DNA sequence: AGAATAGTGTCTCTCAGACATTATTTG
DNA sequence: CAAATAATGTCTGAGAGACACTATTCT
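Residue numbers (the numbering used here), protein chains in the order written: chain B, 5 to 220; chain Z, 5 to 220.
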């Protein structure tokens, strides 16, 4: 009942990225054992919540305008130094061609290495993952993890990694194409096999997807 | 950029209820025109966020343990008296047999009377409504607006009011029954027509529904 | 008997999932 | 021409939506 306790409003970001055939998250490594932590920042009253998150990320990596979504606000999370935190948690997606940077205070951790995470962080991570998987199904948010143009095979692989299950090639293509959110570009050759057509998502589909966001 | 501005964390509740064949929300009526406001409370560091919301509601009405769900956290909402608010918004559902109370600072307003609400409140309300409708589809949350036992017709009517569209009787019953979340009880007679079977939801289905909550 | 509401079953069409072969490029 | 990856179409089963009549109670 001590109303004298101060309540510190902060934001937290769960930033996902595809690296080395695995879904990874950005964390601050910690001195001892597995006390990793997600990037966190005090909320500055000067700008919007999303703005705060973008600012927080800009300090850690050289990418701007990242896909963001509010996840949940936790009020009874960590009690540290006798102070309570009110954490507004976001999740964010970083295209994999922008994930190669080095900043000595953050590293990538595969989400499947579950014992890298303390209990509380794991809970948040699981929830973020559920949301990501869920959105993937109805909103095709997978693009946000890829460069501007990509092949259907790459996109399918992205889905498979996130969902952690194999998908049927023909059914996948049918679904994606008839969702009418991507459009073809030109060709590209890799060293191996038949060249794949490259797609990008339709610029007007972005707005459409935003509008489809039931959970902004 | 003035970090000196203080940021006041608060909670807000959008409480829905079924009254007079309409979906209504609880608001503080305001002196002039249409400046209604949703119930709001400062966050006390002593208890959880949900606890804070329940406390806030207990001050306004004689009902306990109400269905709650976190909606969204707004950081750039109202700027009042030079202070910014950080509003964690919840939505809540009140069974219609508990909605008859009088408290001089709150009233019920039908959600369809859209011009009763100022712009910002309307935005929040719309979002809450979308979420409610959405959850109704996959989680059968409609029960939370009815007394403990109810007929299938009453349940269907509830759905129709919330979704604001007529539903087919046979399809509705099929869907609800095969979802396996309600069980029959005994009969009751109304003055009119054939008596309807009364149902309640399966107590073990409550846990199931909670588990199905993708968005806690 | 008439008014009022409860309760019940079938058909059709669309969509999701399983599934194997051909096409194009490189070395 | 062998290896590697891209691209393509059909069938089947399940579930959603449209639809009309019979059953039980009350006055």
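Cβ atoms here follow ideal geometry from the backbone N, Cα and C, with glycine treated the same way. For clarity, every value in this text was computed on a predicted model and none was experimentally measured.
Sequence-distant residues of the same chain with beta carbon closer than 6 angstroms to residue i, five excluded per side
| i | result |
| --- | --- |
| residue 186 of chain B | 203, 205 |
| residue 105 of chain B | 65, 66 |
| residue 103 of chain B | 21, 23 |
| residue 54 of chain B | 72 |
| residue 169 of chain Z | none |
Buried versus exposed call for residue i [16 or more other C-beta atoms within 10 Å across all chains shown]
| i | result |
| --- | --- |
| residue 116 of chain B | exposed |
| residue 207 of chain Z | exposed |
| residue 89 of chain B | buried |
| residue 191 of chain B | exposed |
| residue 43 of chain B | buried |
| residue 28 of chain Z | buried |
| residue 21 of chain B | buried |
| residue 162 of chain Z | buried |
| residue 127 of chain Z | exposed |
| residue 184 of chain B | exposed |
| residue 131 of chain Z | buried |
| residue 125 of chain B | buried |
| residue 8 of chain Z | Any reading at residue 8 of chain Z needs caution, since the residue's pLDDT is 48, under 50, leaving its predicted position unreliable; the model's value is listed next. Exposed is the call here. |
Residues that residue i bridges to, as DSSP identifies them
| i | result |
| --- | --- |
| residue 45 of chain Z | Z/15 |
| residue 74 of chain B | B/94 |
| residue 113 of chain B | B/29 |
| residue 20 of chain B | B/29, B/97 |
| residue 89 of chain Z | Z/12 |
Proximal residues to residue i (C-beta, below 7 angstroms), its chain only, five neighbours per side dropped
| i | result |
| --- | --- |
| residue 154 of chain Z | 202, 203 |
| residue 133 of chain B | 115 |
| residue 189 of chain B | 153, 202, 203, 204 |
| residue 33 of chain B | 40, 111 |
| residue 79 of chain B | 90 |
Cβ-heavy atom distance, residue i to the ligand FAD, below 7 angstroms
| i | result |
| --- | --- |
| residue 28 of chain Z | Looking at this structure, you won't find the ligand FAD or any other ligand, since it has none at all. |
Option in the options with minimal Cα separation from residue i
| i | options | result |
| --- | --- | --- |
| residue 31 of chain Z | Z/143, Z/159, Z/139, Z/129 | Z/129 |
| residue 122 of chain Z | Z/172, Z/137, Z/40 | Z/40 |
| residue 77 of chain B | B/110, B/70, B/92, B/71 | B/92 |
| residue 167 of chain Z | Z/107, Z/136, Z/179, Z/173 | Z/136 |
| residue 177 of chain Z | Z/61, Z/158, Z/194, Z/195 | Z/158 |
| residue 180 of chain Z | Z/63, Z/140, Z/198, Z/68 | Z/140 |
| residue 19 of chain Z | Z/71, Z/124, Z/51, Z/25 | Z/71 |
| residue 4 of chain Z | Z/149, Z/94, Z/175 | What the structure shows of chain Z is the stretch from 5 to 220, and residue 4 of chain Z is not part of that stretch, so it cannot be assessed. |
| residue 175 of chain B | B/196, B/195, B/156 | B/156 |
| residue 143 of chain B | B/54, B/48, B/182 | B/182 |
| residue 108 of chain Z | Z/196, Z/59, Z/63, Z/138 | Z/63 |
| residue 25 of chain B | B/173, B/193, B/118, B/149 | B/149 |
| residue 138 of chain B | B/75, B/196, B/68 | B/75 |
| residue 98 of chain B | B/151, B/196, B/198, B/173 | B/151 |
Neighbourhood of residue i by C-beta distance below 8 angstroms, restricted to the same chain and skipping five residues each side
| i | result |
| --- | --- |
| residue 12 of chain Z | 46, 87, 88, 89, 90 |
| residue 96 of chain Z | 17, 18, 19, 20, 57, 61, 70, 71, 72, 73 |
| residue 146 of chain Z | 140, 159, 162, 163, 166 |
| residue 51 of chain Z | 59 |
| residue 14 of chain Z | 44, 45, 46, 47, 89, 90, 91, 92 |
| residue 194 of chain Z | 200 |
| residue 118 of chain B | 126 |
| residue 68 of chain B | 58, 62 |
| residue 171 of chain B | 160, 163, 164 |
| residue 265 of chain Z | This structure cannot settle anything about residue 265 of chain Z, because the visible part of chain Z is limited to 5 through 220. |
Every unbroken beta strand (DSSP E) inside the segment 138–213 of chain Z [3 residues or more]: You should have 186–192, 200–205.
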